[in-house]
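Q: Numbered by UniProt numbering, the letters in the sequence shown go through residues 1 to 501 in order. All C-beta atoms in this analysis are idealised placements derived from N, C-alpha and C, irrespective of residue type, glycine included.
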Amino acid sequence: MSSPLHTQFDGVAGVRAALERRDVSAVDLAQSALDAIAARASLNAFLHVDAELTLAQARAADARIAAGQAGPLTGVPIAHKDVFVTRGWRTTAASKMLGQYVSPFDAAVVERLEAAGAVSLGKLNCDEFAMGSGNENSAFGPVLNPWDNTAVPGGSSGGSAAAVAAGLAVATTGTDTGGSVRQPAALCGVSGIKPTYGSVSRFGMVAFGSSLDQAGPLAASAADLLPVLDAMAGFDARDATSHQSHATVQAQYDAARAGMQEGAQPLAGLRIGVPAEYFGEGLAADVAQAVEAALQEFEKLGAQRVAISLPRTDLAIPAYYVIAPAEASSNLSRYDGVRYGHRTASYGNLEDMTSRSRAEGFGPEVQRRILIGAYVLSHGYYDAYYLQAQRLRRMIADDFQRALGQCDVIMGPVTPTVAKDLGENRDDPTADWLADIYTLGVSLAGLPAMSVPCGFGQGAHARRPVGLQIIGNYFQEGRLLAIAERFQHATDWHQRKPEQQ
């Protein structure tokens with residue numbers, strides 16, 4: 001199979017330049033991507049494709065270019081995680097509960113990217129209701145990792161990461177509740193960023209944990225993430241948790257670039273905090289080696305390493321798995337078989353209908369988290385579990401602020417190991433929870449963080465990527481992207497592509 005047309009150009013900037021020169025049309029790019037998606041259907045990255053809708057957007061993009069009215073992403077082929085509601089395409093959240101649901105409106109993220117001119121290729125597979133770390137919880141089957149089809153792609157935005165890694169889309173959208181953009185980005189060898197909580201509207205995003213959920217893009221490189229995140233971010237009055245930052249992502253990036261040095265050490269003066277807790281027991285040797293090599297590369301670029309401590313790193317897991325399920329049990333109570341979603345065919349009364357509909361519509365992991373959430377919110381346990389977890393959340397956020405007082409950014413691994421084998425944790429449903437140990441604290445604190453490719457595993461896992469996590473202070477997404485871009489100018493991990501299996 002020949003590569004999709006858009007992979008012949010250098011990312012978002014290359015595609016836009018080719019479109020402006022009329023070397024290629026948006027329709028040709030879209031059709032080529034649709035053909036590639038069909039040819040790589042075995043990856044199971046896409047849940048819903050509608051060529052007519054996609055080509056209609058592509059024709060509109062060509063018309064805007066011809067009229068000299070192109071936006072920053074006009075004609076660029078992207079795809080959306082199936083938790084963003086969309087007109088025309090189904091929105092299932094990878095669940096039987098919403099198996100045939102088509103929204104009458106678009107999510108804010110979808111609106112903003114369409115306004116910027118992006119052409120949507122369809123909806124991407126994910127863990128059901130974004131609950132999981134391997135993309136094995138989808139009601140429509142797991143996504144395969146393009147680097148190694150026997151491995152998971154990470155979750156919950158596994159379809160989003162796999163689509164970028166396989167070259168099916170220039171960029172994709174994902175959501176990150178406890179690491180679900182960064183973790184699949186790391187395991188699929190692509191770049192992904194979770195912005196500051198509240199910087200991207202949650203309007204039209206199927207809710208999991210409302211105080212944690214945040215949308216973010218995935219792409220091959222930091223340079224490609226920049227225009228996508230810049231288009232996605234911004235205040236939205238329809239989202240009560242939306243914040244108005246002092247500067248756009250592009251302005252943050254420009255300021256960071258302006259402050260960088262000329263010459264061989266552009267990051268001179270940058271202080272990189274390295275938490276001792278991220279390099280202890282449980283971190284695989286091959287992941288540690290790749291991350292260490294990346295840190296040394298940053299030192300060559302002029303950065304200074306600073307030893308820091310995040311003492312409550314281990315406690316992020318119990319805190320998160322009290323708070324997130326509690327919020328999930330509340331959010332998912334709306335799926336009762338009455339108004340929309342799956343309704344059982346046989347029932348005796350209203351209570352029986354709701355019970356049967358949920359039992360049939362929700363998968364095991366979703367049911368597990370609903371039960372945990374209902375328990376910790378119940379009378380007699382709310383104070384003992386939920387309130388204590390919220391207190392711990394504040395302490396974790398304070399730990400990050402103390403650490404960021406000693407350094408400019410924090411770096412370390414994204415995951416303790418490379419991608420697991422498909423089905424490896426089938427007998428221990430909570431084992432996947434441990435894979436998020438380095439990402440959960442960031443989410444609890446609401447900080448921005450990203451993953452960039454920095455190497456591969458070793459031995460039998462030599463084809464499985466490793467990601468470096470870069471964590472910043474609030475509303476510093478542009479700065480993180482500028483720092484990551486400097487690293488990617490000096491390395492080629494982000495340019496490596498998997499062979500088709």
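#1: Determine the extent of the beta strand (DSSP E) in which Arg271 is found, giving its start and end residues.
#2: Evaluate Asn44 with the Cβ neighbour count: other Cβ atoms within 10 Å of its Cβ, from every protein chain shown; 16 or more gives buried, anything less gives exposed.
#3: Just to check my reading of the structure: Ala79 and Leu121 have Cβ atoms closer than 8 Å, yes? What is that Cβ distance to the nearest angstrom?
#4: So, for Met260: in the same chain, excluding its five sequence neighbours on each side, which residues have a beta-carbon less than 6 Å away from its beta-carbon?
#5: Kindly indicate the opening and closing residues of the alpha helix (DSSP H) around Lys300.
#6: I want to know whether the stretch 90-102 touches the stretch 170-187 - three or more CB-CB distances under 8 Å.
#7: Measuring straight from C-alpha to C-alpha, what distance separates Met205 and His461?
#8: With a threshold of 16 other CB atoms inside 10 Å of the CB of Met411, please say whether the residue is buried or exposed.
#9: With a 10 Å radius around its C-beta and 16 neighbouring C-beta atoms as the bar for buried, classify Pro364 as buried or exposed.
#10: Rounded to a whole number of angstroms, what is the C-alpha to C-alpha distance between Ser133 and Tyr321?
#11: Helix, strand or coil for Ser133 per DSSP?
#12: Going along the chain, which residues of its own chain have a beta-carbon closer than 6 Å to the beta-carbon of Pro72, five neighbours each way excluded?
#13: Hey, how far is the Cα of Ile272 from the Cα of Cys407?
#14: Between the alpha carbons of Tyr278 and Tyr438, how many angstroms are there, rounded?
#15: Cα separation between Gly457 and Asp62?
#16: Can you tell me whether Asn125 is helix, strand or coil according to DSSP?
#17: Let me know the alpha helix (DSSP H) ranges lying completely inside the stretch 415-489, each 4 residues or longer, listed in chain order.
#18: What residue range is occupied by the uninterrupted beta strand (DSSP E) comprising residue 524?
#19: CA-CA distance, Arg238 and Gln476?
#20: Leaving out five residues before and five after Tyr347 in sequence, what residues of the same chain have Cβ atoms less than 7 Å from its Cβ?
#21: Does the beta-carbon distance from Ala397 to Ala445 come in below 7 Å?
#22: I think Val170 touches Pro318, with their Cβ atoms under 8 Å apart; what is that distance to the nearest whole Å?
#23: Hey, would you say Leu310 sits closer than 7 Å to Ala215, going by beta carbons?
#24: What are the residues that DSSP puts in a beta bridge with Asn145?
#25: Given a threshold of 16 other Cβ atoms within 10 Å of its Cβ, counted over all protein chains shown, does Val338 qualify as buried or as exposed?
#26: What are the boundary residues of the beta strand (DSSP E) that includes Phe46?
A: According to the data block:
#1: Per DSSP, Arg271 belongs to the beta strand (DSSP E) from Arg271 to Pro275.
#2: Looking at its Cβ environment, which holds 16 or more other Cβ atoms inside 10 Å, Asn44 is buried.
#3: That belief holds up - the Cβ atoms of Ala79 and Leu121 are roughly 4 Å apart, short of 8 Å.
#4: Here the set comprises Pro266.
#5: Segment Ala285 to Lys300, the alpha helix (DSSP H) holding Lys300.
#6: Between the stretch 90-102 and the stretch 170-187, the count of Cβ pairs shorter than 8 Å is below three; the stretches do not touch.
#7: Separation of Met205 and His461 (C-alpha to C-alpha, rounded to the nearest whole angstrom) is 35 Å.
#8: Buried, since its Cβ has 16 or more Cβ neighbours within 10 Å.
#9: Pro364 should be labelled exposed.
#10: Cα to Cα, the separation comes out at about 13 Å.
#11: In this structure, Ser133 counts as coil in the three-state DSSP scheme.
#12: The beta carbon of Pro72 lies closer than 6 Å to those of Ala116 and Pro227 in the same chain, with the five residues before and after it left out.
#13: So the two alpha carbons sit approximately 6 Å from each other.
#14: Going from the Cα of Tyr278 to the Cα of Tyr438 covers about 7 Å.
#15: Rounded to the nearest angstrom, the gap between the Cα atoms of Gly457 and Asp62 is 42 Å.
#16: Of the three classes helix, strand and coil, the one that applies to Asn125 here is coil, per DSSP.
#17: 440-445, all fully within the stretch 415-489.
#18: This structure does not reach residue 524, given that the chain is present from 1 up to 501, and the question cannot be answered.
#19: Taking C-alpha positions only, Arg238 is separated from Gln476 by approximately 23 Å.
#20: Correct list, in chain order: Met353 and Arg356.
#21: Cβ atoms of Ala397 and Ala445: closer than 7 Å.
#22: In this structure Val170 does not touch Pro318 by the C-beta definition: roughly 39 Å separates them, more than the 8 Å allowed.
#23: No, the pair does not count as a contact, with Cβ atoms beyond the cut-off.
#24: Answer is Asp148.
#25: The Cβ neighbour count for Val338, taken over all protein chains shown within 10 Å, is under 16; the residue is labelled exposed.
#26: Per DSSP, Phe46 belongs to the beta strand (DSSP E) from Phe46 to His48.
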